[in-house]
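There are 2 protein chains.
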Amino acid sequence: MISAPIRQVAEAARTASRILAKATAAQRAAALHAIAEAIVADDGLAAANARDLEAASALAPAMRDRLRLDVGKIVTAIREVAALPEVLGNVEKRETRPNGLAIERVRIPLGVVLMIYEARPNVTTDAAALCLKTGNACILRGGSEATHTNRALAACVARGLVAAGLPATCVQLVEGREAIGELVKLDELIDLCIPRGGEGLIRYVAEHARVPVIKHYKGVCHVYVHAAADLALAVQIVENAKVSRPGVCNAAETVLIDRAVAEQFVPMLVAALPQVELRGDDTAVALGVATRATEDDWAAEYLDLILAVKVVDGLASAIAHIERYGSSHTEAIVTRDAAAAEQFLRDCDSSTVLVNASTRFADGGELGLGAEIGISTTRLHAYGPMGAEGLTTTKFVVRGTGQLRS
Amino acid sequence: MISAPIRQVAEAARTASRILAKATAAQRAAALHAIAEAIVADDGLAAANARDLEAASALAPAMRDRLRLDVGKIVTAIREVAALPEVLGNVEKRETRPNGLAIERVRIPLGVVLMIYEARPNVTTDAAALCLKTGNACILRGGSEATHTNRALAACVARGLVAAGLPATCVQLVEGREAIGELVKLDELIDLCIPRGGEGLIRYVAEHARVPVIKHYKGVCHVYVHAAADLALAVQIVENAKVSRPGVCNAAETVLIDRAVAEQFVPMLVAALPQVELRGDDTAVALGVATRATEDDWAAEYLDLILAVKVVDGLASAIAHIERYGSSHTEAIVTRDAAAAEQFLRDCDSSTVLVNASTRFADGGELGLGAEIGISTTRLHAYGPMGAEGLTTTKFVVRGTGQLRS
Chain A
373 MISAPIRQVA EAARTASRIL AKATAAQRAA ALHAIAEAIV ADDGLAAANA RDLEAASALA
433 PAMRDRLRLD VGKIVTAIRE VAALPEVLGN VEKRETRPNG LAIERVRIPL GVVLMIYEAR
493 PNVTTDAAAL CLKTGNACIL RGGSEATHTN RALAACVARG LVAAGLPATC VQLVEGREAI
553 GELVKLDELI DLCIPRGGEG LIRYVAEHAR VPVIKHYKGV CHVYVHAAAD LALAVQIVEN
613 AKVSRPGVCN AAETVLIDRA VAEQFVPMLV AALPQVELRG DDTAVALGVA TRATEDDWAA
673 EYLDLILAVK VVDGLASAIA HIERYGSSHT EAIVTRDAAA AEQFLRDCDS STVLVNASTR
733 FADGGELGLG AEIGISTTRL HAYGPMGAEG LTTTKFVVRG TGQLRS
Chain B
373 MISAPIRQVA EAARTASRIL AKATAAQRAA ALHAIAEAIV ADDGLAAANA RDLEAASALA
433 PAMRDRLRLD VGKIVTAIRE VAALPEVLGN VEKRETRPNG LAIERVRIPL GVVLMIYEAR
493 PNVTTDAAAL CLKTGNACIL RGGSEATHTN RALAACVARG LVAAGLPATC VQLVEGREAI
553 GELVKLDELI DLCIPRGGEG LIRYVAEHAR VPVIKHYKGV CHVYVHAAAD LALAVQIVEN
613 AKVSRPGVCN AAETVLIDRA VAEQFVPMLV AALPQVELRG DDTAVALGVA TRATEDDWAA
673 EYLDLILAVK VVDGLASAIA HIERYGSSHT EAIVTRDAAA AEQFLRDCDS STVLVNASTR
733 FADGGELGLG AEIGISTTRL HAYGPMGAEG LTTTKFVVRG TGQLRS
């Protein structure tokens, strides 16, 4: 069922992961800098990317945009990852037991990480860099639209690894749709799979995986305009959350408006967002929203200039709506009432909860993780944006002086 | 595919988990104490357990031992869990970003935990207590041999929950083999599955699960007697690791002996462990081990008074053997050489690594976790013994003053 070449890739990754786990921080950093240099020095990259862009000439401009390689940007990203604080070897907890055993929890790599992603070729180097930083081997399966760009980038990564004395198999690129279905079964060789892309891809991976998967299907993010909100600020936050980049997972998809301020706020919203198609419940429509929402709108991830608008009866109703229709991604409350803010932050169980700030801040870089390998709405291991630490685990290190268990 | 009663159980658990997540620490503690009191007050428990023991009269004594309920012990365990430090609401990290956003990582429950286990009825109350302590609803599927005991215990748990003003559905007991296959598919309602028991049960769960699973298949634990070991201590540690409780997962299954001390150590081991069947490689046999090991012995989890004995060429060979045949569970080195000890602790990637102490310390209680819900040899989320904190995750809590993303 698993083809020999795919099993070989996974076995090579496991072997490389053991070498990488024993490499020093300096050696891993040297590899990252050598990769950055190899990319800067490679004058074939532009041509490879042009070839992918040409083949994609029939695709939508947004899709072609994602395909376009910005060499300066990826090199900067690699160097930023190299400069992140070291996490491997960190002692998270330390305790001496009554019997004298000294216990530590020490941070170690996960092992082998499988990334499955779509068009954007920058994920190839972003993921490789973050995995190497954290001592993990990785297997990358990028989108077929970016095949030539990804191959050229992977060759640069391999050159950088070898220059630093590490096996080229620390980062392996695989191709083909069937590779996904096979790799995600290899739970003895692969420690984690991170699928990034459309909901269809992610559901396919989740359905077939034996390997642990960190994922989010979608981001149905809410902004709740509380009765005690600064309404002018609420308009700004909703606008930023929806309009600044409508096609991303941390964009707002529904605004919940407290009944106490609906009469005042809905017309402000309608006036402020002429470019957004608002879809409201009965009350919102009565107050000026043009389109009536259906049940499907409450669970929709539009990824577009569309926003669902619902009037709710206070904080508990807002949270109940989010629990029912949300995706555990990101929710914001706008309020000047500190108690209401704290209650929202406590009782709303999404992975990122904010007060008086845009949902767009649900991002590894913005939340201080330095870089982001993915976002999780599954509560195991990582919940919310996941950075370098999410690519590690801890082991128990126990120093004794001859202790026996009675 | 999922039967209506099973889906109802899972939906009730999800609803209960949301109430429980909002309950106070005092309310959760009150529930635990009320459960302990309900168990103490229940004079039907002994009869229920006697009924299970009678039905099991044909089973092996070890199996019947596991079935036997020790009421005093489970009540003490519940009260100890109640007394553990609170983890919910703990702020793990705190940072203010340059734009003024105050970011916290706050500890929250996982949600709904599914425990699948075999004969031992104490798991029913141990698991319920640890889940309640950490704000999680749980679904318990115990072994059919313990049906009457488990039902009686679950009734006590329900009485305790109701007495503390919490829904009885915070802890639900389910029965039947088909319940397992259905529950492990419900990844939108169940956040984590922990199977505990024989390898067959665990492989069944891993194969069918859509829900994240924390597990270990087996414990093939090693003791490595280094060239610089205190050999008398090494004998004690091997004996403790093998003989003190041979049927548990942290018992040693293989001893690796450095060639430099084999000639001296093998006869000491043979003399010290007359009750253990030793199975050695050629060198060990030449030095007095009675039985020759086969390739299968190196990967065997005997759970019995049998020990594989291999002579290795130094530290790197010992680690290579563990990487090839081990189960990522627990490994110990015996040495007086501090550098060798540190290298073993660093390079051996099992979940618990020890120097000069018995593998039997790989246990949540012994390692300071207070209580243990399971042991993980999967690196995601928890690696090694897993306690209260392993039943939680963190969310990002962000306090702003009107920040927008540019």
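First to last, the protein sequences are chains A and B. Per the working numbering, residue 373 is the first one in the first sequence, and the count goes up by one each step. Per the working numbering, residue 373 is the first one in the second sequence, and the count goes up by one each step. Cβ coordinates follow ideal geometry from the N, Cα and C atoms, glycine included. Owing to the predicted nature of the structure, the values given are computational and were not obtained by experimental measurement.
Item to complete: Ignoring anything shorter than 4 residues or poking outside the region 588-632 of chain B, list the alpha helix (DSSP H) runs there in chain order.
Response: 603-615
Item to complete: Determine the contact status of A540 (chain A) and V534 (chain A), defining contact as a CB-CB distance below 9 Å.
Response: yes
Discussion item. Tell me which residues share the same chain as I411 (chain A) and place their Cβ nearer than 6 Å to its Cβ, disregarding the 5 neighbours each side in the sequence.
Written reply: V447, C528
Practice prompt. Identify every residue that forms a DSSP beta bridge with L652 (chain B).
Written response: Residue 652 (chain B) is actually Gly in this sequence, not Leu. Bridge partners of G652 (chain B): B:R664, B:V681.
Fill in: Residue span of the beta strand (DSSP E) that contains P481 (chain A), given as start and end
474-481
Worksheet entry | Interface flag, D709 (chain A) vs chain B, CB-CB below 9 Å | no
Worksheet entry | Per-residue contacts from L417 (chain B) into chain A (C-beta, under 7 Å) | Within chain A, no residue comes near L417 (chain B); the closest Cβ sits about 29 Å away, beyond 7 Å.
Practice prompt. Spell out the partners DSSP gives R513 (chain A) in its beta bridges.
Written response: A:I488
Worksheet item: Apart from the five residues on each side of it in sequence, which residues of its chain come closer than 6 Å, Cβ to Cβ, to R589 (chain B)?
Response: Just to set this straight, residue 589 (chain B) is Tyr in the shown sequence, not Arg. Counting only Cβ-Cβ distances below 6 Å, and skipping sequence neighbours, we find E571, I574.
Item to complete: Verify the CB distance criterion: does D563 (chain B) have a CB-CB separation below 9 Å to chain A?
Response: yes
Item to complete: May I have the straight-line CA-CA distance separating A398 (chain B) from A530 (chain B), to the nearest angstrom?
Response: 18 Å
Discussion item. Give me the chain B residues within the contact set of H753 (chain A), using Cβ-Cβ distance strictly less than 7 Å, ordered along the chain.
Written reply: L752, H753
Worksheet entry | Distance CB(V583 (chain A))-CB(L564 (chain A)) smaller than 9 Å | yes
Discussion item. What does the alpha-carbon distance come out to for the pair A782 (chain A) and A624 (chain A)?
Written reply: The structure shown does not extend to residue 782 (chain A), since chain A spans only 373 to 778, so no value can be given for it.
Fill in: Through-space distance from A427 (chain A) to G515 (chain A), alpha-carbon basis
13 Å
Fill in: E761 (chain A) versus R400 (chain A) - alpha carbon distance
16 Å
Worksheet item: Can you tell me whether G686 (chain A) is buried or exposed, with buried defined as 16 or more other CB within 10 angstroms of its CB?
Response: exposed
Item to complete: Leaving out five residues on either side along the sequence, give the residues of the same chain with a beta carbon under 6 Å from the beta carbon of K682 (chain A).
Response: L628, D653
Worksheet item: What are the residues of the region 507-523 of chain B that lie near chain A, defined by any Cβ-Cβ distance shorter than 7 Å?
Response: none
Item to complete: May I ask you to verify whether the region 602-614 of chain A touches the region 631-646 of chain A, counting CB pairs closer than 8 Å and requiring at least 3?
Response: yes
Worksheet entry | From A:E476, A:M435, A:C510, A:C593, residue whose alpha carbon lies closest to that of I691 (chain A) | A:C593
Fill in: is_contact[A393 (chain A), chain B] using C-beta, thresh 9 Å
yes
Worksheet item: CB-CB under 6 Å to G532 (chain A), same chain, minus the five flanking residues each way: which ones, in chain order?
Response: A403, A406, I407, A410
Discussion item. Using CA atoms only, rank isn't needed, just tell me which of B:T519, B:L561, B:R513, B:T707 is closest to E550 (chain B).
Written reply: B:R513
Fill in: Amino acids of chain A, ordered along the chain, whose beta-carbon sits closer than 8 Å to that of G740 (chain B)
E467, R469, I475
Worksheet item: For chain A, is any of its Cβ atoms less than 9 Å away from the one on N462 (chain B)?
Response: no
Worksheet item: N728 (chain B) lies in the alpha helix (DSSP H); which residues open and close that run?
Response: Looking at the DSSP string, N728 (chain B) is not in any alpha helix (DSSP H); the run it does join, the beta strand (DSSP E), is 724-729.
Discussion item. I'd like the span of the alpha helix (DSSP H) that includes Q647 (chain B), first residue to last.
Written reply: From DSSP, Q647 (chain B) is part of no alpha helix (DSSP H); its letter is neither H nor E.
Worksheet item: Among all the DSSP beta bridges, which residues are the ones paired with P567 (chain B)?
Response: B:I488
Worksheet entry | Cross-strand partners of G698 (chain A) (DSSP beta bridge) | Its beta-bridge partners do not exist; DSSP assigns none.
Worksheet entry | Euclidean distance between Cα positions of M373 (chain A) and V485 (chain A) | 21 Å
Discussion item. Taking 9 Å as the threshold (C-beta atoms), are I747 (chain B) and L502 (chain B) in contact?
Written reply: no
Worksheet item: Would a C-beta distance cut-off of 9 Å place L545 (chain A) and I378 (chain A) closer than the cut-off?
Response: no
Worksheet item: From which residue to which residue does the beta strand (DSSP E) around R771 (chain B) run?
Response: 764-775
Worksheet item: By DSSP, does L582 (chain B) sit in helix, in strand, or in coil?
Response: A small fix is needed here, since residue 582 (chain B) is Arg in this sequence, not Leu. Coil, per DSSP.
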